[in-house]
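One structure below.
Protein chains: 2
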Amino acid sequence: MAQLDPAILEALAAIVGETRVLTDESSCEQYGLDWTRFYTPAPSAVLLPGSIEEVQAIVRLAADQNLAIVPSGGRTGLSAGAVAANGELVLALDRLNTLSDFNLVDRTVRCGAGVITEQLQQFAEEQGLYYPVDFASAGSSQIGGNISTNAGGIKVIKHGMTRDWVAGLKLVTGTGELLDLNRGLMKNNAGYDLRQLAIGAEGTLGVVVEATMSLTRTPENLAVLVLGAPDMQAIMHVLTAFQAEIELSAFEFFSEIALEKVVAHQDLQRPFETVCDYYALIEFEQPNDAAMEKAMALFEHCVEQGWVYDGTVSQSLSQAQNLWRLREDISETITPWTPYKNDISTVISRVPEFLAEVEAVVNQNYPDFEIVWFGHIGDGNVHLNILKPEGLPIDEFKAQCGEVSTWVFEIVQRYGGSVSAEHGVGLLKKEYLEYSRSALEIEIMKGIKQVFDPKGIMNPGKIFDA
Amino acid sequence: MAQLDPAILEALAAIVGETRVLTDESSCEQYGLDWTRFYTPAPSAVLLPGSIEEVQAIVRLAADQNLAIVPSGGRTGLSAGAVAANGELVLALDRLNTLSDFNLVDRTVRCGAGVITEQLQQFAEEQGLYYPVDFASAGSSQIGGNISTNAGGIKVIKHGMTRDWVAGLKLVTGTGELLDLNRGLMKNNAGYDLRQLAIGAEGTLGVVVEATMSLTRTPENLAVLVLGAPDMQAIMHVLTAFQAEIELSAFEFFSEIALEKVVAHQDLQRPFETVCDYYALIEFEQPNDAAMEKAMALFEHCVEQGWVYDGTVSQSLSQAQNLWRLREDISETITPWTPYKNDISTVISRVPEFLAEVEAVVNQNYPDFEIVWFGHIGDGNVHLNILKPEGLPIDEFKAQCGEVSTWVFEIVQRYGGSVSAEHGVGLLKKEYLEYSRSALEIEIMKGIKQVFDPKGIMNPGKIFDA
Chain A
0 MAQLDPAILE ALAAIVGETR VLTDESSCEQ YGLDWTRFYT PAPSAVLLPG
50 SIEEVQAIVR LAADQNLAIV PSGGRTGLSA GAVAANGELV LALDRLNTLS
100 DFNLVDRTVR CGAGVITEQL QQFAEEQGLY YPVDFASAGS SQIGGNISTN
150 AGGIKVIKHG MTRDWVAGLK LVTGTGELLD LNRGLMKNNA GYDLRQLAIG
200 AEGTLGVVVE ATMSLTRTPE NLAVLVLGAP DMQAIMHVLT AFQAEIELSA
250 FEFFSEIALE KVVAHQDLQR PFETVCDYYA LIEFEQPNDA AMEKAMALFE
300 HCVEQGWVYD GTVSQSLSQA QNLWRLREDI SETITPWTPY KNDISTVISR
350 VPEFLAEVEA VVNQNYPDFE IVWFGHIGDG NVHLNILKPE GLPIDEFKAQ
400 CGEVSTWVFE IVQRYGGSVS AEHGVGLLKK EYLEYSRSAL EIEIMKGIKQ
450 VFDPKGIMNP GKIFDA
Chain B
0 MAQLDPAILE ALAAIVGETR VLTDESSCEQ YGLDWTRFYT PAPSAVLLPG
50 SIEEVQAIVR LAADQNLAIV PSGGRTGLSA GAVAANGELV LALDRLNTLS
100 DFNLVDRTVR CGAGVITEQL QQFAEEQGLY YPVDFASAGS SQIGGNISTN
150 AGGIKVIKHG MTRDWVAGLK LVTGTGELLD LNRGLMKNNA GYDLRQLAIG
200 AEGTLGVVVE ATMSLTRTPE NLAVLVLGAP DMQAIMHVLT AFQAEIELSA
250 FEFFSEIALE KVVAHQDLQR PFETVCDYYA LIEFEQPNDA AMEKAMALFE
300 HCVEQGWVYD GTVSQSLSQA QNLWRLREDI SETITPWTPY KNDISTVISR
350 VPEFLAEVEA VVNQNYPDFE IVWFGHIGDG NVHLNILKPE GLPIDEFKAQ
400 CGEVSTWVFE IVQRYGGSVS AEHGVGLLKK EYLEYSRSAL EIEIMKGIKQ
450 VFDPKGIMNP GKIFDA
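Residue numbers (numbering that gives the first Met the number 0), protein chains in the order written: chain A, 0 to 465; chain B, 0 to 465.
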């Protein structure tokens, strides 16, 4: 473990209190790693500030002493954006976990960076409102981290990413100064929108310490439809047909292999008997009978066109939840196969050919690899999962998957896609950033980091090397 | 008029062709001014490039020769963002007016910067889709300009600003390099979202030359409801009640004085006999009878609560259009009074007290000033209009309004509001920027400009002085 000068430890303790400076091995391991694994945590200390002023004081001290800081939320990230492997100070926002200043007219609430996503969702529900950004780690991830990775999830097609729900943002820059950006305004065209830069910056421009989050109307009687389709192109036709007439809140997809595994390993039934190559899960509001009639007419149209072979619709909340599990339980189901995972996107219309190209190159080189596809097809974001063949040593599998990554990212580049649709870049995808961003873009990003963080102490080495 | 070195004029002609370099007085007047007026246009030349490559060549030449460039769209701006008053080169994007690469699955279309807003709206309609950003100058404003000022308008409450419809953006930086940002992706968390910076930058970071714009589902059978309320606080209650149950596409307001003038000067009738202090115009989709039943139940609830005194609902498209004119014709109606105008915002909930404070200070100091309020109350954006009293010389009125501006912006600052909700800063509001943005924010903006435009040739003097 990296050692800090005792005088610095003392100065840090003077800021946050002695019990809020952790240097024991277990704390350093816990706070030095996110859900990415693969890395060895090695922070020099973990700090738990209790106020924005304490965060500022820590950053000023770190700037003065040239100490690197890793801002730390729920550490549920999957690109190692919150990993501290090089003696950094971990600045954990856990204690800034207050919800305050709720306003029903503005439909906003002020959140400390350490507020858990689920805490915000539940708070919204108690007010008769809704926070629509939702994903598997909502029970652990924190708002500050969500903002820093611009978290997406399963409702993006209607509700957008975390970016769309940040009405105000407080950021402590690399010099310890506080920016109070946009202050909850819905309309503000007075100069550059710096808030947008901090969103998705993975802590490299400063520490997100607080946000004013927007809430919205609670959806009415959500219905879920699962359809089976002969191929990906048919899925795209279904998407286009439904979107033309209904405001969908989700349009997810998964493959037959994914469905087989989920049904075999969870306490779930197939949605219908017909076996299809791909399935779409469609969610929409059903405030009255007319909405369902419209959906059923669309379903029949899709069947007539040959785009859909079979389908089922939820008749109750519990049925809707069970249909959702067919999609949501895939990730957990395949964990025992220690899958290689990749989170990529293209424009929506090119997903079918993109999938086919990736499959072709993997099948050609590694015919025994089993590919499990699922994802948010309605927004072009697919999750590629390759299961480790039984008997293949894990190290060998990982080495082969390294090769796969390069092929996949070369295809992503040719399609003008993104090497990270929603998980961010962090350490994990840093070396692949150039497949999605030009040399000039990366140079400009570095220039912008220099403006916010002249000493380069904010989460250094994440996204790019300075 | 500013004179350019003949060798430079020749070099510019070699790039765009001789007939695309205009230096005659009438062209310079036309292209040197936007709808703000007040300024004396004095560009050194007007250039009409026909391709992105030509734009790049012009910018490279300008950077080499240290010549300032003013990017120019429809010049419908109201903050003098497109004014060329200091011998700048006007780079007019008129000829980059092609719509291409429409994709029905992605629901996107590629637009040259010079595409007129209405052209995009009509194109969308022809494809059975909808471009929802709409405002009074849609017949002249260009997409590049809309993006550069992040244009808002009358549907922001549901559809957001121009920012929300830019899926991809091509920007020529101050060094003449081309950034191809986001390429139409719905999900892309691979590094800073530089696209967001260019949106609303008023041409100070580079020239927006092309954008991939998103389109959406066409709204079904829009209904319009006009309600009369006793005061602004009641209007806020009505907003909250309706938003809790219906996805509104507009929530506008206007005062009795505004209504009186519109009815007196346009061929329009009062919506109902009851005279109220304030009126709300509410628009929503009515795909079936249930939607209208819900709206009527909400209306009755509002009447019972004493928030609404009277109301009327459109029974046909033409009735809906006439109700909209009560709000949309205000601006034109009051033009003969050469009104002082200001476009400001606060968080929505504070609008009533904000309006009261502004009225109090104006009434106290200038009791003969007539104030006309209207605006987009659903997003906190109000338009303040003060009519020139008959007999008061225009210069004296302008001087007095200068004082009013300072009072208004001091109130804006105390409310944490914006000195420019949707019109941008340009030259007109530059000196007031500090009422909405901190010294540190302005310093960071300047640092960012330096990264994109190291020579400071892109629309210098707009938003801030470098």
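Every residue gets a Cβ at the ideal spot worked out from N, C-alpha and C, and that includes glycine.
From a predicted model like this one, the values you see are computed outputs, not experimental measurements.
One alpha carbon belongs to glutamate 259(B), the other to glycine 159(B), and they sit about 30 Å apart.
In this structure, the alpha-carbon of threonine 116(B) lies about 6 Å from that of serine 140(B). Residue Leu193(B) holds the alpha-carbon nearest to the alpha-carbon of alanine 166(B) among Leu177(B), Cys27(B), Gly175(B) and Leu193(B). Contact between alanine 44(B) and glycine 31(B) is ruled out by a C-beta separation of about 10 Å, above the 8 Å threshold.
Interface criterion met: the Cβ of methionine 185(A) is under 8 Å from a Cβ in chain B.
The C-beta distance from tyrosine 191(A) to methionine 235(B) rounds to 31 Å, too long to fall under 8 Å, and the pair is not in contact. Fewer than three pairs of CB atoms, one per stretch, sit closer than 8 Å, so the segment 75 to 92 of chain B makes no contact with the segment 345 to 354 of chain B.
Looking at the DSSP output, valine 206(A) sits in a beta bridge with Val171(A). Residues of chain A with a Cβ closer than 9 Å to the Cβ of arginine 324(B) do not exist, since the nearest Cβ in that chain sits about 23 Å away.
Residues of chain A whose Cβ lies closer than 7 Å to the Cβ of leucine 193(B) are, in chain order, Glu440 and Ile443. Listed in chain order, the positions of the segment 400 to 422 of chain B with a beta carbon within less than 8 Å of a beta carbon of chain A are Gly415, Gly416, Ser417, Val418, Ser419, Ala420, Glu421 and His422. Listed in chain order, the alpha helix (DSSP H) elements of length 4 or more contained wholly in the segment 36 to 73 of chain A are 51 to 64. Every beta strand (DSSP E) of 3 residues or more that sits fully in the segment 366 to 421 of chain B is shown, in chain order, as 369 to 375 and 380 to 386.
Secondary structure at isoleucine 245(B): coil, using DSSP grouped into helix, strand and coil. Within 8 Å of the CB of valine 104(B), the CB atoms of chain A belong to Met235, Leu238, Thr239, Ile347 and Ser348, in sequence order along the chain.
Under the Cβ criterion of 8 Å, valine 450(B) is counted among the residues facing chain A. Counting other Cβ atoms within 10 Å of its Cβ, phenylalanine 37(B) stays below 16 and is therefore classed as exposed. Close partners of leucine 226(B) in chain A (Cβ separation under 8 Å) are lacking, with about 17 Å as the shortest Cβ gap. Serine 344(A) and aspartate 93(A) have their C-alpha atoms spaced approximately 32 Å apart. Runs of beta strand (DSSP E) with 3 or more residues, each lying fully within the segment 100 to 173 of chain B, are found at 107 to 111 and 165 to 172, listed in chain order.
The C-beta of serine 50(A) has fewer than 16 other C-beta atoms within 10 Å across all chains shown, which makes the residue exposed. Nearest neighbour of leucine 180(A) by Cα position, chosen from Gly374(A), Lys157(A), Asp367(A) and Gly205(A), turns out to be Gly205(A).
Phenylalanine 298(A): not part of any beta strand (DSSP E); member of the alpha helix (DSSP H) spanning 288 to 303, first to last residue.
For the options Glu299(A), Asp378(A), Met185(A) and Gln318(A), the alpha carbon positioned closest to that of serine 417(B) is the one of Met185(A).
Nearest C-alpha to aspartate 309(A) among Phe283(A), Asn362(A), Leu224(A) and Tyr365(A): Leu224(A). By the Cβ criterion, the segment 205 to 217 of chain B is not in contact with the segment 271 to 291 of chain B, since fewer than three pairs of Cβ atoms, one from each stretch, lie closer than 8 Å. When the beta-carbon positions are compared, glycine 72(B) and alanine 112(B) come within less than 8 Å of each other. The distance from the Cβ of tyrosine 339(A) to that of cysteine 301(A) is about 33 Å, inconsistent with a contact at the 8 Å cut-off.
DSSP places isoleucine 281(B) in the strand class (E or B) of the three-state scheme. Against chain A, the CB of alanine 123(B) has no partner CB under 8 Å away; the residue lies outside that interface. Less than 8 Å divides the Cβ of threonine 148(A) from the Cβ of glycine 423(A).
Across the structure, alanine 135(B) and glycine 305(A) are spaced so that their CA atoms are roughly 45 Å apart. If the five residues before and after valine 237(B) are omitted, its C-beta is found closer than 7 Å to the C-beta atoms of Leu226, Ala228, Ala279, Cys301, Trp306 and Val307, all from its own chain and listed in chain order. The contact set of aspartate 378(A) on chain B, defined by CB atoms closer than 7 Å, consists of Met185 and Lys186 in chain order. The beta carbon of isoleucine 462(A) falls within 8 Å of a beta carbon belonging to chain B, placing the residue at that interface.
Taking 8 Å as the cut-off, the Cβ atoms of leucine 11(A) and isoleucine 57(A) count as close.
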